Amino acid sequence: MLIRARPRSRPKRISGSLPARLRAMYRAMLHALGPQGWWPPRTRFEVIIGGILTQNTAWTNVARAIANLRQARVLTPEALAALPAPKLARLIRPSGYYKTKAARVKRFLRFLRARYALNLSRMFARHPSTLREELLAVSGIGPETADSILLYAGGVPVLVVDAYTRRILGRHGLIRPDATYDRVQALFLENLPPETALYNEYHALLVAVGKDFCRPVPRCSGCPLRRDLERHRPATARGFLRIKTRY
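Number 655 in our numbering belongs to position 146 of the sequence shown; there are no gaps in the numbering.
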């Protein structure tokens, strides 16, 4: 299922078969790191709120904020829409930037009420490309958050592009430094099958590699993608391996 609202040019093919290379990278990460078991929240609404709160913070902080909302028994569209913004801000304080995020949550809820009468099933019955445009029109929801909502709450097969994804793909020569969000996403959408579970796990694995290995100062030793880097960008691999890091 494609969610693109406009045609995109096909990414330039890299040496060898790009679909095969992307699948090989996935298998290498999965074999080394195992399934990541991402997004354990109990409801789709919890996933959506988590997607908004996770902006510019770690998931551990979001989990604390979500726990506060659950304990206050306001983790439903109706209850959260009725909750005054100042009280919402206090409950989500652990997520950081809590006043800004409270305003973003409230804007999403106003959108959900106006368009879909606070009914998530109605919202996700919308065509994905149309829903994505609507989400992007909500102030505070960018492409990464919109795609997180579509993938993790709506089950739409789409790859979420974040800073870890860009860093890994850039170092492996798969994207240019100035590649747009849509172009990075198209690399996956046009070369992998449209399977929600695949994109869910692929994104989670890229985040794990970005956190533990492909850091701003790379730690290639033990990285499951080291072989891919050595095969396709040997000079880059040699340079990274000469960097001395403390871990």
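Idealized CB from N, CA, C, for every residue including glycine.
Keep in mind that this is a model prediction, so the values were computed, not measured.
Find the nearest neighbour of residue i within the set the options, judged by alpha-carbon distance.
i	options	result
A598	R551, E704, A717, A611	A611
K720	L707, I558, A672	A672
V726	A746, A588, L618	A746
V667	N700, P603, G543	N700
V718	P528, M534, R530, S526	M534
H681	A529, E739, R619	E739
S638	D656, S630, S526, G605	D656
G560	R685, R635, A646, T654	T654
T566	G605, V556, V716	G605
L708	R685, L527, W547	Per the sequence presented here, residue 708 reads as Tyr, with Leu not at that position. Checking every option, the nearest Cα to that of Y708 belongs to W547.
L698	A626, L660, P593	L660
A529	L640, P702, V571, V716	P702
R532	G649, D687, L696	L696
V571	T585, V556, A581	V556
Residues in the same chain with beta-carbon distance under 7 Å from residue i, minus the five sequence neighbours each way, listed in chain order, please.
i	result
L750	C729
R742	H681, G682
R676	G719, C723
G679	P686
Taking DSSP as the reference, what is the three-state secondary structure of residue i?
i	result
Q694	helix
A646	coil
L660	helix
Q580	helix
E625	Here residue 625 turns out to be Tyr, not Glu, going by the sequence shown. Y625 falls in the helix class under three-state DSSP.
A634	coil
T674	helix
E710	helix
E699	coil
R740	helix
G499	Examination of residue 499 is not possible in this model, given that the chain is present from 510 through 756 alone.
Rounded to whole angstroms, what is the Cα-Cα separation between residue i and residue j?
i	j	result
L714	F633	26 Å
R616	A662	18 Å
A588	G651	25 Å
G664	R735	31 Å
V583	T569	20 Å
R551	S526	39 Å
L645	P686	24 Å
H636	A581	33 Å
Kindly give me the distance between the Cβ atoms of residue i and residue j, rounded to whole angstroms, as I take these residues to be in contact under 8 Å.
i	j	result
D691	A537	Not confirmed; about 26 Å, so no contact.
Q545	E704	The pair is not a contact, with the Cβ atoms about 16 Å apart (cut-off 8 Å).
L627	A590	6 Å
L621	P593	That pair is no contact at about 18 Å.
To which residues of the same chain is residue i closer than 8 Å at the C-beta, ignoring the five residues directly before and after it?
i	result
I601	L562, A574, N577, L578, Y607, K610, A611, V614
R624	M632, E643
R553	L629, F633, A662, G663
A744	none
Going by beta carbon distance, what residues of the same chain come within less than 6 Å of residue i, once the five residues before and after it are set aside?
i	result
Q694	L668, V670
A541	P733
R522	Interpretation of R522 is limited by its pLDDT of 42, a score under 50 that renders its predicted location unreliable; the figure taken from the coordinates is listed afterwards. Closer than 6 Å at the Cβ level, and outside the excluded window around R522, lies no residue.
Is residue i near the ligand NAP, in the sense that its beta carbon is under 7 Å from a heavy atom of that ligand?
i	result
G560	Annotation note on the ligand NAP: not contained in the displayed structure, which lists no ligands.
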